[in-house]
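Trainee: Would you mind keeping the following structure in view while I ask a few things?
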Amino acid sequence: MRSRLLMLFNGVVGLTTLLFLFLHFSSPPTTSGLQSQSAQSQFTQPDQYLAYVIYPSQTEGADANVKTMAFPLTTNKEIDTAQSSKQLFSQPEPSDCQTDDLYGSPNGRYILIQYNCHTTLFMQLLKREGETAVAIPRWQGYFLDWSPDGNQILVRDTSNNQIMLLDTNAAAKVSTTTAQPSGKIVPLPFGTYDASFSPDGKSILFVTNRGLGLGSEFGTFTLSTEKAEIQQTFPDQIVAYPRWSPDGKQLAYILMPDSNRAYTTGELWLADITGKPLTLLAEDADAGHGYPPVWSPQGQTITYIVRENPDSIQANYHPRALHSNIYQVDVATAKTTPLTAFKEGLLFDIQWSADGERLAFTANDAIWTMIPGQDPVQVSAVGDDLARHPVWLPGNQ
1 MRSRLLMLFN GVVGLTTLLF LFLHFSSPPT TSGLQSQSAQ SQFTQPDQYL AYVIYPSQTE
61 GADANVKTMA FPLTTNKEID TAQSSKQLFS QPEPSDCQTD DLYGSPNGRY ILIQYNCHTT
121 LFMQLLKREG ETAVAIPRWQ GYFLDWSPDG NQILVRDTSN NQIMLLDTNA AAKVSTTTAQ
181 PSGKIVPLPF GTYDASFSPD GKSILFVTNR GLGLGSEFGT FTLSTEKAEI QQTFPDQIVA
241 YPRWSPDGKQ LAYILMPDSN RAYTTGELWL ADITGKPLTL LAEDADAGHG YPPVWSPQGQ
301 TITYIVRENP DSIQANYHPR ALHSNIYQVD VATAKTTPLT AFKEGLLFDI QWSADGERLA
361 FTANDAIWTM IPGQDPVQVS AVGDDLARHP VWLPGNQ
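Reading the sequence shown from the start, the letters are residues 1 to 397 in this note's numbering.
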């Protein structure tokens, strides 16, 4: 289970769960005008694979052999479940670590594996070579985002607590297991705990928090001028995972109270950069587990995780006690529609295909896909292995 949002305390970043609470705010926070990001990313490539991670369900404290697998897609962009998935990569995973997520570069050249260990965080870059992947030595850090063209990675370097911009080709040439790839420091404001590229790649959206009880704010950092501008302030709330719409004209994010309470529900908000009032889209978004709102590729809907057991005290403190489903909200009408109806299921890892026709997700430690309006289909093999973290991959450009 991913519990991987970043919280800052006394200027030191630690990995923890951000804390959400079901709360309807009597008045929305104030906002200043956001700068429009001119165009939807022109770097999107057609999907050719669905990749995911499998590892043994029982390791008994020993290192586990973790595999990165991939299903080739048919010409109709469907998964032929009669065919076995192909192994891209395999390596032992230390008993004190867990594969936290899988990220495919937009240009199809790389896969990045994020690891969450008891004492540190580290990443591993895989260079795709046909239907296999070659490992590049691990380095300490936390993945934040790919640049739209896939040539750069935005990371938090945990060895120096800096936000860094790494060139993927340069990182791929690091040849020792102890070397940290060199990169450019991005001078984001103190307390930045999340950051992502705008769709045109010209600016970075960042979120800051200076400590418990001090609220939060987000803004934009223009790469060409290295100028940061605060766009919105939340004196009493924490904003989590703000995400640009594909055309760069809107933002979706989840709000939570600035408190030390663990897993609960939050509010899904929409900000329009033209200066229109903020829109409350949903009050039942899961929060605290690290599941961001996900825009559909066309930007017409936002998909998010809903907590189905908000009254469960156990689920407030134990991440695996969450019962969840996937919902979708229409941006124009704010109409909400459930996409899945798992009973007492644990769903997360929403991933839209590039064409917007279907989505993949993790449910009860298996990989599923679905076309909205149709029943979901399990595509990972039924067995003892756990399967998580699906990601659609384009061809290797």
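Glycine residues also receive a C-beta, built at the ideal position from the N, C-alpha and C atoms.
Please work out which residues of its chain come closer than 7 Å, Cβ to Cβ, to SER26, disregarding the five sequence neighbours upstream and downstream, and give them in chain order.
Mentor: In this prediction, SER26 scores a pLDDT of 29, lower than 50, which makes its location untrustworthy; the coordinate-derived value is nonetheless stated afterwards. Around SER26, the same chain offers no residue with a beta carbon nearer than 7 Å, after the five sequence neighbours per side are excluded.
Trainee: If you drop the 5 nearest sequence neighbours on each side, which residues of the same chain put their C-beta closer than 6 Å to that of ARG210?
Mentor: GLY191
Trainee: What number of angstroms, rounded off, separates the C-alpha of THR225 from the C-alpha of ILE204?
Mentor: 12 Å
Trainee: State the DSSP-derived secondary structure class of ALA315, mapped to helix, strand or coil.
Mentor: Secondary structure at ALA315: helix, using DSSP grouped into helix, strand and coil.
Trainee: Excluding sequence positions up to five away, which residues of its chain have a Cβ less than 8 Å from the Cβ of PRO28?
Mentor: Residue placement at PRO28 is flagged as unreliable, the pLDDT there being 34, under the threshold of 50; a coordinate-derived value is accordingly withheld.
Trainee: Using only the alpha-carbon positions, how far apart do GLN314 and ASP284 sit?
Mentor: 18 Å
Trainee: Three-state secondary structure (DSSP) at LEU135?
Mentor: In the sequence as presented, Leu is not what sits at residue 135; that position holds Ala. Reduced to three states, the DSSP call for ALA135 is strand.
Trainee: According to DSSP, simplified to helix, strand and coil, what is ALA171?
Mentor: helix
Trainee: Measuring only the C-alpha atoms, how far is PRO199 from TRP146?
Mentor: PRO199 and TRP146 have their alpha carbons spaced roughly 11 Å apart.
Trainee: Quick one: what's VAL329 bridged to in DSSP?
Mentor: ILE302, THR336
Trainee: Going by the DSSP bridge assignment, what does SER90 pair with across the sheet?
Mentor: LYS67.
Trainee: Which term fits GLN232, buried or exposed, when burial requires 16 or more other beta carbons within 10 angstroms of its beta carbon?
Mentor: Within 10 angstroms of the beta-carbon of GLN232 lie 16 or more other beta-carbons, which makes it buried.
Trainee: With DSSP as the reference, label ALA51 as helix, strand or coil.
Mentor: strand
Trainee: Is it right to say GLY395 is buried, meaning 16 or more other beta carbons lie within 10 angstroms of its own, or is it exposed?
Mentor: exposed
Trainee: For ASP157, write down the residues that DSSP places opposite it in a beta bridge.
Mentor: GLN162
Trainee: What is the residue span of the beta strand (DSSP E) that PRO257 lies within?
Mentor: Here the beta strand (DSSP E) through PRO257 covers 250-257.
Trainee: Let me check one thing: in DSSP terms, what residues is ASP286 bridge-paired to?
Mentor: Paired residue(s): THR265.
Trainee: Can you tell which of LEU125, GLY130, GLY373 has its C-alpha closest to the C-alpha of VAL155?
Mentor: LEU125
Trainee: Alpha carbons only, please: which of SER312, THR340, GLU344 is nearest the one belonging to GLN374?
Mentor: THR340
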